[in-house]
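Visitor: Numbering (the UniProt record's numbering), first residue to last: 1 to 280. Ideal Cβ placement from N, Cα and C applies to all residues, glycine included. Fair warning: this is a prediction, and the values are worked out from it, not measured in the lab.
1) Using a Cβ distance threshold of 8 Å, determine whether the stretch 122-130 contacts the stretch 96-109, with at least three qualifying pairs required.
2) Check the DSSP bridge columns for residue 251 and list the partner residues they point to.
3) Is it right to say residue 180 is buried, meaning 16 or more other beta carbons lie within 10 angstroms of its own, or is it exposed?
4) Just to confirm the assignment, what range does the alpha helix (DSSP H) spanning residue 187 have?
5) CB-CB under 6 Å to residue 25, same chain, minus the five flanking residues each way: which ones, in chain order?
6) Would you call the stretch 83-95 and the stretch 140-153 touching, i.e. three or more CB-CB distances under 8 Å?
7) Determine the DSSP secondary structure at residue 210, reduced to helix, strand or coil.
8) Report buried or exposed for residue 245, applying the criterion of at least 16 other Cβ atoms within 10 angstroms of its Cβ.
9) Have a look at the DSSP bridge pairing and note the partners of residue 95.
10) Quick one: give me the first and last residue of the beta strand (DSSP E) that residue 153 is part of.
11) What are the start and end residues of the alpha helix (DSSP H) that includes residue 227?
12) Closer than 7 Å by C-beta to residue 13: which residues in its own chain qualify, once you throw out the five before and the five after it? Chain order, please.
13) If you pair each beta-carbon of the stretch 41-51 with each one of the stretch 159-167, do three or more pairs fall below 8 Å?
14) Reducing DSSP to helix, strand and coil, say where residue 183 ends up.
15) Residue 2 lies in the alpha helix (DSSP H); which residues open and close that run?
16) Which word fits residue 175, buried or exposed, when buried means at least 16 other C-beta atoms lie within 10 angstroms of its C-beta?
17) May I ask you to verify whether the stretch 188-198 touches the stretch 219-233, counting CB pairs closer than 8 Å and requiring at least 3?
18) With the cut-off set at 9 Å, would you say residue 187 and residue 121 are in Cβ contact?
19) Could you check if residue 93 belongs to the surroundings of the ligand PLP, using beta carbon to heavy atom distance under 8 Å?
20) If you drop the 5 nearest sequence neighbours on each side, which residues of the same chain put their C-beta closer than 6 Å to that of residue 5?
21) When you compare only the Cα positions, how much space is there between residue 18 and residue 232?
22) What's the call for residue 136, buried or exposed, on a 16-neighbour Cβ count within 10 Å?
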């Protein structure tokens with residue numbers, strides 16, 4: 001099996017064989033202190049992240065504020081925000097984690113994504129998901145139970161759209177007859193699509209079709225099993241190797257010796273424990 005496929009500048013920078021890269025999820029100024037971030041000094045923080053050498057910054061697709069869910073992401077529309085950040089940065093990868101595909105027509109997703117990829121010089125990473133906030137679906141006239149089917153169709157539509165004058169027939173998103181085209185194309189005519197969780201699909205389907213897998217934080221022993229399972233399926237079904245990613249919420253304390261305490265999808269800790277966390 002070959003090393004990771006060279007897709008665009010972001011993918012080639014963030015994902016390297018046998019290496020760990022670290023990015024930051026936005027917003028970062030008051031994430032655990034309320035439903036809605038202030039977004040104060042967000043640009044200064046983004047510029048600092050790039051200066052410090054973080055590989056990627058990640059934003060989210062949260063159409064509605066669902067109070068019971070606990071947060072509203074960065075509030076700003078993901079692609080509009082990334083277009084702004086593309087003009088203010090030079091090399092850091094610009095990631096979405098993740099677009100809930102069933103809540104958007106794939107033409108809008110792919111046109112926005114390809115635009116950001118072009119404007120940033122190939123720095124887009126597109127996480128995709130079936131969505132998990134059930135309250136959003138009836139608000140948009142979409143059946144929550146159909147999100148798996150909608151996800152597969154939208155995923156295929158996005159892939160096909162990078163061809164010139166594509167032909168495609170779908171149940172939910174219309175027909176492309178090869179007489180019209182979708183512009184712009186991504187920088188290298190391919191958008192890196194990173195699967196989030198299972199997205200109502202089998203892991204085999206994800207390994208075959210996605211360019212990488214984002215999975216949720218788990219106990220290290222459980223995560224080791226998931227990574228081994230992913231790598232085995234990729235080796236069986238793919239020409240190129242494909243990366244594994246996970247988020248990790250860290251509430252860093254002023255006391256360097258602060259002992260770790262669990263929080264949602266991560267931990268609260270001091271610098272000394274954090275410095276040893278990724279040492280294997």
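Guide: Straight from the coordinates:
1) Touching, yes, given that three or more Cβ pairs across the two stretches are closer than 8 Å.
2) Answer is 268, bridged to residue 251.
3) So residue 180 ends up on the exposed side.
4) It is not in any alpha helix (DSSP H) - residue 187 carries neither H nor E in the DSSP assignment.
5) Answer for residue 25: 58, listed in chain order.
6) With a cut-off of 8 Å, the stretch 140-153 and the stretch 83-95 do not count as touching, because too few Cβ pairs lie within range.
7) Per DSSP, reduced to three states, the secondary structure at residue 210 is coil, with no helix or strand assignment.
8) Answer is buried; the Cβ neighbour count reaches 16.
9) DSSP output for residue 95 lists 58, 125 as bridge partner(s).
10) Careful: residue 153 lies outside any beta strand (DSSP E), inside the alpha helix (DSSP H) at 147-161.
11) Judged by DSSP secondary structure, residue 227 falls within the alpha helix (DSSP H) whose first and last residues are 220-237.
12) Hits under 7 Å: 55, 93.
13) The stretch 41-51, when compared against the stretch 159-167, does not touch it at the 8 Å Cβ threshold.
14) It is coil, neither helix nor strand.
15) Where residue 2 is concerned, there is no enclosing alpha helix (DSSP H), given that its DSSP letter is neither H nor E.
16) Classification of residue 175: exposed, given that the 10 Å Cβ count is below 16.
17) The stretch 188-198, when compared against the stretch 219-233, does not touch it at the 8 Å Cβ threshold.
18) For the 9 Å CB-CB criterion, residue 187 and residue 121 form a contact.
19) The ligand PLP is not among the ligands present in this structure, which contains no ligands whatsoever.
20) Shown here for residue 5: same chain residues with a beta carbon closer than 6 Å to its own, the five before and five after excluded, namely 240 in chain order.
21) For residue 18 and residue 232, the distance between alpha carbons rounds to 16 Å.
22) It counts as buried.
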